[in-house]
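In this note's numbering, the protein residues as written are 237 to 322.
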(Lines of atoms letter the chains of each structure in order from A and count residues from 1; the text may use other names and numbers.)
(Lines give C-alpha, C1' and ligand atoms only; values in the text may rest on other atoms or scores of the structure.)
Protein backbone atom coordinates (compact mmCIF):
# COMPACT_ATOMS: atom_id res chain seq x y z
CA UNK A 1 0.00 0.00 0.00
CA UNK A 2 1.18 3.49 -0.83
CA UNK A 3 1.85 5.78 2.11
CA UNK A 4 -0.31 8.89 2.44
CA UNK A 5 1.04 12.40 2.04
CA UNK A 6 1.81 14.16 5.33
CA UNK A 7 -0.67 17.06 5.16
CA UNK A 8 0.75 18.66 8.33
CA UNK A 9 2.96 17.74 11.26
CA UNK A 10 0.44 18.89 13.85
CA UNK A 11 -3.20 17.90 14.39
CA UNK A 12 -6.20 19.96 13.31
CA UNK A 13 -8.40 21.17 16.18
CA UNK A 14 -11.96 20.80 14.91
CA UNK A 15 -15.40 21.45 16.35
CA UNK A 16 -17.58 18.37 15.84
CA UNK A 17 -21.35 18.01 16.28
CA UNK A 18 -22.82 14.92 17.95
CA UNK A 19 -24.47 12.62 15.41
CA UNK A 20 -22.94 14.43 12.41
CA UNK A 21 -21.29 12.28 9.75
CA UNK A 22 -17.82 13.30 8.58
CA UNK A 23 -15.47 12.03 5.87
CA UNK A 24 -11.85 12.09 6.98
CA UNK A 25 -9.14 12.44 4.33
CA UNK A 26 -6.77 9.46 4.34
CA UNK A 27 -4.63 10.35 1.31
CA UNK A 28 -3.32 13.72 2.53
CA UNK A 29 -4.11 15.50 -0.76
CA UNK A 30 -7.36 17.22 0.23
CA UNK A 31 -7.42 21.02 0.21
CA UNK A 32 -10.09 20.82 2.94
CA UNK A 33 -7.95 19.10 5.61
CA UNK A 34 -8.66 17.12 7.64
CA UNK A 35 -11.75 16.29 5.61
CA UNK A 36 -12.04 14.69 2.17
CA UNK A 37 -12.54 16.78 -0.96
CA UNK A 38 -12.33 13.89 -3.46
CA UNK A 39 -8.63 14.36 -4.27
CA UNK A 40 -8.07 10.63 -3.64
CA UNK A 41 -9.95 9.67 -6.81
CA UNK A 42 -7.84 7.45 -9.02
CA UNK A 43 -5.75 6.26 -6.06
CA UNK A 44 -6.09 3.36 -3.65
CA UNK A 45 -7.21 5.69 -0.84
CA UNK A 46 -10.78 6.16 0.33
CA UNK A 47 -12.15 8.61 2.91
CA UNK A 48 -12.85 7.27 6.38
CA UNK A 49 -16.45 7.91 7.37
CA UNK A 50 -17.15 8.53 11.04
CA UNK A 51 -19.97 9.90 13.16
CA UNK A 52 -19.17 12.24 16.04
CA UNK A 53 -20.09 10.55 19.32
CA UNK A 54 -20.16 13.87 21.18
CA UNK A 55 -20.28 17.57 20.38
CA UNK A 56 -17.11 19.49 21.10
CA UNK A 57 -13.56 19.97 19.99
CA UNK A 58 -11.40 17.10 18.79
CA UNK A 59 -7.85 16.90 17.48
CA UNK A 60 -7.95 15.16 14.11
CA UNK A 61 -4.88 13.63 12.51
CA UNK A 62 -3.19 15.67 9.78
CA UNK A 63 -0.08 13.53 9.32
CA UNK A 64 -2.31 10.67 8.09
CA UNK A 65 -0.25 8.08 10.00
CA UNK A 66 -2.20 7.86 13.28
CA UNK A 67 -3.09 4.37 14.47
CA UNK A 68 -6.36 5.88 15.73
CA UNK A 69 -7.65 7.77 12.67
CA UNK A 70 -9.41 10.08 12.38
CA UNK A 71 -8.06 11.14 15.77
CA UNK A 72 -4.52 12.24 16.53
CA UNK A 73 -2.36 9.81 18.51
CA UNK A 74 0.85 11.88 18.52
CA UNK A 75 2.47 10.13 15.55
CA UNK A 76 2.90 13.54 13.87
CA UNK A 77 5.83 14.23 16.21
CA UNK A 78 8.03 12.00 14.06
CA UNK A 79 7.56 14.21 10.98
CA UNK A 80 9.59 17.37 10.38
CA UNK A 81 8.33 20.47 8.57
CA UNK A 82 10.37 19.34 5.55
CA UNK A 83 8.15 16.24 5.24
CA UNK A 84 4.86 18.17 4.91
CA UNK A 85 3.40 17.62 1.46
CA UNK A 86 5.50 14.53 0.82
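Beta carbons: idealized from backbone N, C-alpha and C, even for Gly. Just so it is clear, the structure is predicted and the values come from calculations on it, not from any experiment.
- Identify the continuous beta strand (DSSP E) that holds residue 281 and give its terminal residues. In the chain shown, counting from the first residue as 1, residue 281 sits at position 45. It is not in any beta strand (DSSP E) - residue 281 carries neither H nor E in the DSSP assignment.
message = So for residue 318, helix, strand or coil by DSSP?
response = The residue you call residue 318 lines up with position 82 of the chain shown. Helix, per DSSP.
| query | Bridge partners of residue 255, per DSSP? | reply | In the chain shown, residue 255 corresponds to position 19, counting from 1. According to DSSP, residue 255 bridges with nothing at all.
Please report the distance separating the alpha-carbon of residue 276 from that of residue 265.
Looking up residue 276 in the chain shown gives position 40. Looking up residue 265 in the chain shown gives position 29. Straight-line Cα distance between these residues: approximately 7 Å.
* Asked: Does any heavy atom of the ligand MN sit closer than 7 Å to the C-beta of residue 319?
  -> By its list of ligands, the structure shown contains no ligand whatsoever, and the ligand MN lies outside what it can speak to.
- When the distance is taken between beta carbons, is residue 259 closer than 8 Å to residue 272? Numbered from its first residue, the chain shown carries residue 272 at position 36. Numbered from its first residue, the chain shown carries residue 259 at position 23. Closer than 8 Å, so yes.
**Message:** Based on DSSP bridge pairs, tell me the residues matched to residue 248.
**Reply:** Here residue 248 is taken as the residue at index 12 of the chain shown, counted from 1. Its beta-bridge partners are 296.
Notebook entry, point to check: Using the beta-carbon count (16 or more within 10 Å), is residue 238 buried or exposed?
Noted result: Here residue 238 refers to the residue found at position 2 of the chain shown. Counting Cβ neighbours within 10 Å, residue 238 comes out exposed, since fewer than 16 surround it.
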